[in-house]
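Protein chains in written order, with the numbering used here: chain U, 4 to 297; chain C, 43 to 405; chain R, 651 to 999.
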């Protein structure tokens, strides 16, 4: 661009520059509604949140959030659950996405219906459905007892397991769709090429298919991880109160104690640590060719 | 990368049949590619050439028949265990790997020691003149360069067979011709046994040691390019490879190694033929447009009067469409010569051919 | 257009004329007042028990809005633009609104609450209903009569084995722990947190679910996830009505109030007071109780409801004397500290 402009006569260079400026302005005009929307519904509330947390003119809420054992433990537990949920949805979602991306149209339709089902159901209904299934006298335990596979009901509900099951179920579509999308874009010839070049099945997967679908994995894990961090109803209901999530604490501070400052500080800490984790994961997993394209 | 393998058959297909549901993609196909030979599978789309390639590469299992590679039966062997170097239509370079990683991939899969990999990759890239591009990603290369990488990747591990699946389709004409010559040079230099798949007859004629013409899942003819062109086995081959004038008639008499053929309108022509058909048999006579002579050229036994319908200037030659008796049209091709005015539509001209320039095919 | 305005104006004059004729000292009647509450089933009950008859009596239309929102109330009062004539208050807001000066006092000359228990006669908020956090048990596991009859027995896992459920919140639980530890009903407050948490340590391993929503404990009992649970009486009443093998033990129940108040600076505050007065009638409260399961506080309410239903009400005289009134003042002052300690305690392995 610069080279071209330099060799052009001045007037023409001006024209090029002007045209360039106009196209930038045009793009700006086109994206204005989106920018305004982002500003109003995202940037401003975020700023306000931060403002609330330092409203008293001190960083005391932050000191409390970052030093008190209770909050550190809850942060740690929240991240641990989010990580566990992310790993589980990935392990379950990847094969499902592969199935959907490679099967016949009919099975694809059936598969998508199943994946979408939790999407169409309210989170409360889904959660209560799990309570019916997983309880001590729930369908799962009763079936296993009747089959004689167990003698005591399994503790599937009101603990870490219950929260994991419920959250994985709710979040699975968020993992499956981006991965499915990435898989659809993989050229089947690349897989054939790798096979033809002597790669056994696992090597084709590890060296070719996985890296090529990594972008989807990355999008899926990011989405699920971040959504997990903010989870609220499912852990409260399926965790039996034993699984602490930071969102519950933040909500309590706002609703019960009107403690906007401290809630703001907790939120900002959550946001900051989320960004750090996000950055780390991306640095680790970001496929190289994605940068090469630009 | 040097071969030093003794002459013999590197690839053989025996009575291979492949069906997709009710559709037969390959019917009883037999084929042998000799060591160091470049054999082209030529056919229109839907002729079964891609299926043939998939069966050879191991991506498809045939219903019947066997595939022999380097002397062993590989019919049921997975692609990874066949040792075939393949260049895909769209190159199928791994987009997340650099040029070096792409070319090293088949060697790594064969657990070649690291140092040897470096060496072989460097040599392969030198062969395709891409030294210095090792760290690039495929997206940072031109189409021609991508193809060279694909080629280097396909030959770096000394495969028994090189499979080329329409590799020049995506290139513009000039680059395509350049790459064709380069592939030919490499193939000869390394003595690579090569199976080349294309629908482009010109390309097939330029590159091949032998050509197998396919249609509807069958091989119509296998032979050297000039054989295919000059002596097509049947109407399909004649029509698909190059332009041709086909004249239908009935064998009438033989004399002095010539066959006299009676046309529908009663006219008679003489054709030289090694296979002499029975009198009365239906035959077709094939004459290539460049073998037709205009009256001014002198000698002409089989001569008719024609009228120019259309004149097309092709740079090195003129192509004329002539109307001849019996309501037929013939194509004639004449080289452009200095001082020679082309014929114009409406001109009357005598046209004919020597008996040896025509080819007799079964009706 | 103009003409219609004139007619409407005339109507107004006529109405206020009637009003003046009835009671000279009364401020003019507005055409409507706004009552803000939780909405849902409660809105229907309010309308049926109180609003319809109030409208008919006074000719003032009641516009009902929802939901209750402390932040909005504060913003309204602070900006001086108060839309609500009367508003319901969220559970923990009753003390807070008084402390922050967001509400008018209840006028004893208009609202007669002499029939209310003294705990339900706050200066600043009007108690509209009562509910209680009580002990509930499965009748097929513990025969009524030989069921846990006190918090001490709830704590006794040897005599009454089985899974229990408590609310995931310190409120009520600290009180129950103290009662289980032998503290008499009238000596609960101020709560000795150390003592309460120490007693809670004992029951912690036997609590399988710390519930968070009001519907949970009844459901847990129905599903037999637990055999003993605490919960709000109305929720248990609901499943008992449907025939679930569940019963309530009122002993040691923790009574709380649903409250209404008049925002400071509300237009037509006088008519707000009049509405509260209308709502303080025990017969009307009985209608409300039958409709919703939560009775008004008037001690005579239970006389006017179905005698079979009356024993299921927290202010049924038999029940009332076994329970204690949850001290909102204490919780307003110590709630945050208690919640923090509760969260920490629950996380401790």
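For each residue, glycine too, the CB sits at the ideal point set by N, CA and C.
Here the structure is a predicted model, which means the values were calculated and not measured.
- Item | Inter-residue CB distance, residue 229/C and residue 210/C (contact presumed, cutoff 8 Å) | Actually they are not in contact, since the Cβ atoms of residue 229/C and residue 210/C sit about 14 Å apart, beyond 8 Å.
- Task: Under 9 Å between beta-carbons, which chain R residues line up against residue 232/U? List them in chain order, please.
- Result: Neighbours of residue 232/U on chain R: none; closest Cβ ~18 Å, over 9 Å.
- For residue 672/R, count neighbouring Cβ atoms within 10 angstroms of its own Cβ and tell me buried if that reaches 16, exposed if not. Per-residue confidence for residue 672/R stands at a pLDDT of 48, beneath the threshold of 50, marking its modelled position as unreliable; no derived number is given.
- Task: Enumerate in chain order the residues of its own chain whose CB-to-CB distance from residue 75/U is below 8 Å, with the five nearest sequence positions on each side excluded.
- Result: 69
- Message: Please classify residue 764/R as buried or exposed, where buried requires at least 16 neighbouring CB atoms within 10 angstroms.
- Response: That one is exposed.
- Message: Quick check: is the beta carbon of residue 138/C nearer than 7 Å to any beta carbon in chain U?
- Response: Nearest CB-CB separation between residue 138/C and chain U: below the 7 Å threshold.
- Query: Taking residue 231/U as the reference, which of 35/U, 166/U and 162/U has the closest Cα?
  - Reply: 166/U
- Message: Please give me, in chain order, every unbroken run of the beta strand (DSSP E) with length at least 3 that falls completely inside the stretch 750-834 of chain R.
- Response: Counting only runs of 3 or more, we get 776-788 and 814-817.
- Does the beta carbon of residue 672/R come closer than 7 Å to any beta carbon on chain U? Bear in mind that a pLDDT of 48 at residue 672/R, under 50, signals an unreliable position, so the number given afterwards is only what the model happens to contain. No, residue 672/R lies away from the interface with chain U (no Cβ there is under 7 Å from its Cβ).
- Nearest to residue 818/R (by Cα), restricted to the options 261/U, 42/U, 263/U and 244/U: 244/U
- Task: Using a Cβ-Cβ cut-off of less than 9 Å, list which residues of the stretch 247-259 of chain U approach chain R; keep chain order.
- Result: Cβ contacts with chain R come from 247, 251, 252, 255, 256, 258 and 259.
- Message: Given this structure, state the Cα-to-Cα distance separating residue 30/U from residue 184/U, to the nearest angstrom.
- Response: 27 Å
- Item | 7 Å CB neighbourhood of residue 927/R in its chain, flanking five on each side removed | Answer for residue 927/R: 760, 761 and 762, listed in chain order.
- Message: Does the structure place the stretch 802-819 of chain R close enough to the stretch 860-877 of chain R that three or more beta carbon pairs sit under 8 Å?
- Response: Short answer: they touch.
- Would you mind working out which of 190/C, 285/C, 345/C and 336/C sits nearest residue 382/C, comparing C-alpha positions? 336/C
- Message: Going by C-alpha to C-alpha distance, which of 232/C, 90/C and 52/C sits closest to residue 241/C?
- Response: With distances taken between Cα atoms, residue 241/C lies closest to 90/C.
- Query: For residue 613/R, which residues does DSSP report across the bridge?
  - Reply: Outside the shown range of chain R, which is 651 to 999, sits residue 613/R, and nothing can be said about it.
- Item | Other residues of its chain near residue 289/C: CB distance less than 6 Å, five sequence neighbours each side excluded | Closer than 6 Å at the Cβ level, and outside the excluded window around residue 289/C, lie 327.
- Item | Cβ neighbours of residue 686/R in the same chain (closer than 7 Å, five flanking residues each side left out) | Only 715, 716, 718, 734, 737 and 738 meet the Cβ criterion.
- For residue 832/R and residue 794/R, the rounded distance between their alpha carbons: 23 Å
- Item | Length of the line joining the Cα atoms of residue 988/R and residue 843/R | 8 Å
- Task: Confirm, please, whether the CB-CB distance from residue 199/U to residue 121/C is below 7 Å.
- Result: Yes.
- Item | Interface partners of residue 101/C on chain U, CB under 7 Å | The contacting residues are 195.
- Just the Cα atoms here: how many angstroms apart are residue 292/C and residue 319/C? 9 Å
- From the DSSP output, in three-state form, read off residue 77/C for me. coil
- Message: Taking only three categories from DSSP, how would you classify residue 66/U?
- Response: helix
- Task: With 7 Å as the C-beta to C-beta threshold (strictly closer), list the residues of the stretch 66-89 of chain C near chain U in chain order.
- Result: none
- Message: By DSSP's criteria, residue 715/R is part of a beta bridge. Which residues make up the other side?
- Response: 686/R
- Task: Would you mind listing the alpha helix (DSSP H) stretches within the stretch 86-154 of chain C that are 4+ residues and don't spill past its ends, in chain order?
- Result: Listed in chain order, the complete alpha helix (DSSP H) runs (minimum 4 residues) inside the stretch 86-154 of chain C are 91-99 and 141-151.
- Query: Given residue 139/U, which residues of its chain have a CB within under 7 Å of its CB, disregarding the five upstream and five downstream residues?
  - Reply: 156
- Message: Does chain U have any CB closer than 7 Å to the CB of residue 997/R?
- Response: Answer yes: the Cβ-Cβ gap between residue 997/R and chain U drops below 7 Å somewhere.
- Message: Considering only their Cβ atoms, is the gap separating residue 100/C from residue 204/C smaller than 7 Å?
- Response: no
- Message: Between the stretch 261-279 of chain U and the stretch 50-62 of chain C, can you find at least three pairs of beta-carbon atoms closer than 8 Å?
- Response: no
- Task: Just confirm the distance between the C-beta atoms of residue 609/R and residue 900/R, as a whole number of angstroms; I'd bet it's less than 8 Å.
- Result: Because chain R is modelled from 651 through 999, residue 609/R falls outside the range shown and cannot be assessed.
- Query: In chain U, which residues lie less than 8 Å from residue 860/R when you measure between Cβ atoms?
  - Reply: 243, 244 and 245
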